[in-house]
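I have placed the structure first, in the form of structure tokens, so that the comments after it can refer back to it.
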Amino acid sequence: MDFPYLSIIVFLPIIGAILIALLPHADPRRIKLTAAFFTLVTFALSLSLFFMFDQSLEGAQFVERASWIPPLDAQYFLGIDGLSLPMLILATFLGFIAVLVSWKIDLRVREYFAWLLVLETGVLGVFCSLDLLLFFLFWEVEILPMYLLISIWGTGRKEYSAMKFVIFTLAGSAMMLAGILLLYFHGGTFDMMELAGMGLEGAISTLLATAIFFLLFIGYAVKLPVFPFHTWLPDAHTDAPTAVSVILAGILLKMGGYAIIRVCVSIFPGVSQDYAVLLVALALVNILYGAAVTFRQRDLKRLIAYSSISHMGYVLLGIFALSQVSMTGATLQMFSHGLITGLLFALVGLVYNKTHVRDITQLGGLARRMPIIAVVFSVAGLAALGLPGTSGFAAEFLVFLGSFKSTLVDGIQTYAILGIVGIVLTAGYILWLLQRVFYGPAKAQYDGVPDADRLERFTIFSMVAVIMLIGIYPAVLTDIIKTGVSPIMASLGL
Amino acid sequence: MNVYLLSPAMSLCGLAIVVILLDLVLKRKWILGAVSVAGLIVPAAFTLALWGREETSFNGMLAVDEFSLFFNLFFLVCAALVILSSMDYVSKFKAFQGEYYALVLLAATGMMLMASTRELISVYVALELTAISLYALTGFLKDPKSSEAGIKYLLLGAVASAVLLYGMAMVFGLSGSTHFKDIAAAIPGGVLDNPALLMGMVLLVAGFGFKIATVPFQMWVPDVYEGAPTPITAYLSVASKAAGFAVILRVFYEALGPVSLDWGIMFGVLAAITMTLGNVVAIAQTNIKRMLGYSSIAQAGYLMIGLAAVSALGRSGLVFFLIAYALTNLGAFIAIIAISNKTNSDLISDYSGMAKRAPLLALALGLCLISLIGIPPTAGFMAKIYIFNAAVDHDLMWLVIVAVINTAISAYYYLRVVRVMFLGAPTSEEAIPSSGALRTALSVACLGVLLLGVYPWALLKIAETAVNVFP
Numbered sequence: 000m001d002f003p004y005l006s007i008i009v010f011l012p013i014i015g016a017i018l019i020a021l022l023p024h025a026d027p028r029r030i031k032l033t034a035a036f037f038t039l040v041t042f043a044l045s046l047s048l049f050f051m052f053d054q055s056l057e058g059a060q061f062v063e064r065a066s067w068i069p070p071l072d073a074q075y076f077l078g079i080d081g082l083s084l085p086m087l088i089l090a091t092f093l094g095f096i097a098v099l100v101s102w103k104i105d106l107r108v109r110e111y112f113a114w115l116l117v118l119e120t121g122v123l124g125v126f127c128s129l130d131l132l133l134f135f136l137f138w139e140v141e142i143l144p145m146y147l148l149i150s151i152w153g154t155g156r157k158e159y160s161a162m163k164f165v166i167f168t169l170a171g172s173a174m175m176l177a178g179i180l181l182l183y184f185h186g187g188t189f190d191m192m193e194l195a196g197m198g199l200e201g202a203i204s205t206l207l208a209t210a211i212f213f214l215l216f217i218g219y220a221v222k223l224p225v226f227p228f229h230t231w232l233p234d235a236h237t238d239a240p241t242a243v244s245v246i247l248a249g250i251l252l253k254m255g256g257y258a259i260i261r262v263c264v265s266i267f268p269g270v271s272q273d274y275a276v277l278l279v280a281l282a283l284v285n286i287l288y289g290a291a292v293t294f295r296q297r298d299l300k301r302l303i304a305y306s307s308i309s310h311m312g313y314v315l316l317g318i319f320a321l322s323q324v325s326m327t328g329a330t331l332q333m334f335s336h337g338l339i340t341g342l343l344f345a346l347v348g349l350v351y352n353k354t355h356v357r358d359i360t361q362l363g364g365l366a367r368r369m370p371i372i373a374v375v376f377s378v379a380g381l382a383a384l385g386l387p388g389t390s391g392f393a394a395e396f397l398v399f400l401g402s403f404k405s406t407l408v409d410g411i412q413t414y415a416i417l418g419i420v421g422i423v424l425t426a427g428y429i430l431w432l433l434q435r436v437f438y439g440p441a442k443a444q445y446d447g448v449p450d451a452d453r454l455e456r457f458t459i460f461s462m463v464a465v466i467m468l469i470g471i472y473p474a475v476l477t478d479i480i481k482t483g484v485s486p487i488m489a490s491l492g493l
Numbered sequence: 000m001n002v003y004l005l006s007p008a009m010s011l012c013g014l015a016i017v018v019i020l021l022d023l024v025l026k027r028k029w030i031l032g033a034v035s036v037a038g039l040i041v042p043a044a045f046t047l048a049l050w051g052r053e054e055t056s057f058n059g060m061l062a063v064d065e066f067s068l069f070f071n072l073f074f075l076v077c078a079a080l081v082i083l084s085s086m087d088y089v090s091k092f093k094a095f096q097g098e099y100y101a102l103v104l105l106a107a108t109g110m111m112l113m114a115s116t117r118e119l120i121s122v123y124v125a126l127e128l129t130a131i132s133l134y135a136l137t138g139f140l141k142d143p144k145s146s147e148a149g150i151k152y153l154l155l156g157a158v159a160s161a162v163l164l165y166g167m168a169m170v171f172g173l174s175g176s177t178h179f180k181d182i183a184a185a186i187p188g189g190v191l192d193n194p195a196l197l198m199g200m201v202l203l204v205a206g207f208g209f210k211i212a213t214v215p216f217q218m219w220v221p222d223v224y225e226g227a228p229t230p231i232t233a234y235l236s237v238a239s240k241a242a243g244f245a246v247i248l249r250v251f252y253e254a255l256g257p258v259s260l261d262w263g264i265m266f267g268v269l270a271a272i273t274m275t276l277g278n279v280v281a282i283a284q285t286n287i288k289r290m291l292g293y294s295s296i297a298q299a300g301y302l303m304i305g306l307a308a309v310s311a312l313g314r315s316g317l318v319f320f321l322i323a324y325a326l327t328n329l330g331a332f333i334a335i336i337a338i339s340n341k342t343n344s345d346l347i348s349d350y351s352g353m354a355k356r357a358p359l360l361a362l363a364l365g366l367c368l369i370s371l372i373g374i375p376p377t378a379g380f381m382a383k384i385y386i387f388n389a390a391v392d393h394d395l396m397w398l399v400i401v402a403v404i405n406t407a408i409s410a411y412y413y414l415r416v417v418r419v420m421f422l423g424a425p426t427s428e429e430a431i432p433s434s435g436a437l438r439t440a441l442s443v444a445c446l447g448v449l450l451l452g453v454y455p456w457a458l459l460k461i462a463e464t465a466v467n468v469f470p
């Protein structure tokens, strides 16, 4: 076996968490540095995988396999391909950013960072596992840290929101577990690669295949979230501490999109095609309904949360348009949205920290007081609405182009065009938001409010840099994503 | 007749007598607990020395095989953990400390015999040995609640015994033998055209159902769990239940094997009703011991899935679930014992802010509650996966769906305790002290829960060998 890169990447954060829990002196600064160190090393390692990744190969690389529970034929099976590598890099990057964003936490510091790192291990495990049972195990690891992070360090109705998050997630997991068990029973293995390659659909009845597909889909749809399973998201986002919002929007939602491609579409290409119209219509509801509701929001954080719902609609659209380009676009959109919305939440956190106000109607003219935050917020906002030169443009362009040209879904052109309306709406609420919060006459009550300090500037600038990099040269990721998407296209007969 | 085969049970019984005698002469009573725990090494050593044998003795009444030896160890570990967690608790008693430990050991002796007999009469005798010791232990506190619990347990237990005996009599009448082997050979392969056999089977299920606390013989559980000394509640909920399942596996596979299709369905229906009732009623509880009482009813429901799925997979799933459940529930009760030693209260509301007063205890209790829900990475998750898999394999999809819905319901009341502990404001600032014995027992349980949650294979293998003795 080669050097176990993936195991190290997945377990490094939890080792950091244990270390933090055991550190003899609860000096907050030392705890924060430890957390930053572990997340940075994890990020660096995943970045090194990016350079070592062989783009000419399809299928999983850096594979680690060991027998885990022989009677169930479950394996400790890690590996990454073109789909998971971008997610892994995104997750490790945002993991590091989340630690930086949390630098000003002073309540129960030790526990906070320990849970944050445990959360990261769970998420990384999801992106690296190629065994369904292992995947499910990691999927569930995230629940407890999220529950505690929201309910202890959150604001507002935090306990209610945390509980709602847990209940939705558990209900989704229960469905997913039923689906996984059915899949295991009929396919005889938990190995995702094997399940995707065995043509399981042909072997079982259409009804059963459809049932399994939707059991799994609902489990992931709760996470993405897809209308009507989205109601936990605005609450959880609004009441979570800033760093947790960043992780929630940046990584956790992506677990849903990633799993839909990795499990639902890969294993059931036929069912995906049969129900593509329905799912694309659902995507459209997400895009338009999400955007429409976003308009009505007065709470800054809630507004960004609802915009996430709208943007995740593009991901769903791209996936179920079922073309190489659109699915590549959907994966890129996940990466890009993770950065952009992560950045927006970080900025909202900064604004709130400094003004202690989140109500948009009470804010105004902040550009004069905090020019750097205002500029970065504008850049992030423009990226969210898909301005060329940012990652948002590259991703959304690919999604719409791919959807429009798709040959497998009837009437997809209409849906694609309707989806573009979503971009117009996004432009509307983003620009209106910028105007109300940052521009206009300065308000006296915000006199003397400071701008971003050095650490905060470093954090937000580094995110902007990546957004720009992907926007200017998207091929850096799309070439890799294509190697992950091609096998799925092959199974669809493309 | 090979008396050596009986050595684990005999040495355990001897240990109980030694403890009583020591109680007469010793002034420093803590030694009694230490002797009880340390003495458990002797029966454990005998058990390990017998490992691998497959023999019967006393005219086929007593079986020594991997199944009985596995359960010997299981009960010894349970007894050890219960005694370790009792030491603080018992030190408050003015008298009868020796009797307390001796009764715990005698009950364990009975349980060991329950898992090793192959004959109806000795099943009954072993069961009564366990039950009578436990009746006495339940009423041990002698306060009104404890006495009421004891008398209730005794009365209902006596009724259950009568029902069980009646069932045994019917089976005996039909087959002409009390030996499992002969019963299996004598009974016909279907119960529907044989009402007496059906009746006998139902009565057996009822009698054993009392032990494992399944519907409709679960009504004693909440009162007895609430009133009994907390370590004994833990003992009842884990070891006594496991003994019930062990004896059910023996009787139903070895004696009633030919009609397995019929009792499989019966257990399936009972499982669905039991878990639903346990979980739904648990939601309304305000006392943590009562809540765990109803939770243990629900867990019995999950366990019975392993009986409903009549296969090697179902049996090993059941045994593995028992291990996971035992560690988890013992862990939860040990944490509760530690907390109530200080607060003298079992109300869930008094657990408010426990995470600040006793962070490690709260974390341990939280871990065990999560394992009871079945969230990874804990033993409870693996146990559920494995037993659900057995059920799906046996075409019991409907039962798995019921169980999964139940799991979601149960998350509500288990997590409520977690929420109170971690989010509530502490009612006082006082830290919760805990003795070394308690801490040891708790760490063993929690490490076991975590270890089984990520690497279950080692114990799964043992569970599989244990149940391989059945056809």
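These protein sequence lines are chains P and G, in that order. The opening residue of the first sequence carries number 0 in numbering that gives the first Met the number 0; numbering runs sequentially from there. The opening residue of the second sequence carries number 0 in numbering that gives the first Met the number 0; numbering runs sequentially from there. Where a beta carbon is used, it is the ideal one built from N, C-alpha and C, also for glycine. None of the values given here were measured: they were computed from a predicted structure.
Using the rule of at least 16 other Cβ atoms within 10 Å of the residue's Cβ for burial, across every protein chain shown, is residue i buried or exposed?
i: Ile282(G); result: exposed
i: Thr458(P); result: buried
i: Leu342(P); result: buried
i: His178(G); result: buried
i: Lys486(G); result: Residue numbering for chain G in the displayed model covers 0 to 470; residue 486(G) lies beyond these limits and cannot be assessed.
i: Ile287(G); result: buried
i: Thr46(G); result: buried
i: Ile211(G); result: buried
Would you please verify whether the beta carbon of residue i is less than 9 angstroms from any beta carbon of chain G?
i: Tyr219(P); result: no
i: Ile30(P); result: no
i: Leu169(P); result: yes
i: Ile166(P); result: yes
i: Tyr111(P); result: no
i: Met162(P); result: yes
i: Leu115(P); result: no
Determine, for residue i, whether the minimum Cβ-Cβ distance to residues of chain P falls below 9 angstroms.
i: Arg418(G); result: yes
i: Ala410(G); result: yes
i: Pro376(G); result: yes
i: Asn388(G); result: yes
i: Trp456(G); result: yes
i: Val453(G); result: yes
Using 9 angstroms as the threshold, is the C-beta distance between residue i and residue j below it?
i: Ala159(G); j: Gly206(G); result: yes
i: Tyr75(P); j: Thr241(P); result: no
i: Leu169(P); j: Ile211(P); result: no
i: Phe387(G); j: Leu180(P); result: yes
i: Gly289(P); j: Ser307(P); result: yes
Can you tell me whether residue i is helix, strand or coil according to DSSP?
i: Asn193(G); result: coil
i: His236(P); result: helix
i: Gln332(P); result: helix
i: Ile104(P); result: coil
i: Thr426(G); result: coil
i: Phe171(G); result: helix
i: Trp50(G); result: coil
i: Ala65(P); result: strand
i: Cys56(G); result: Note on identity: in this sequence residue 56(G) is Ser, with Cys being the wrong assignment. Strand at Ser56(G).
i: Asn1(G); result: coil
i: Asn285(P); result: helix
Margin query: Below 8 angstroms, how does it come out for the region 10-24 of chain G and the region 470-481 of chain P: are there three or more Cβ pairs, yes or no?
Written below: no
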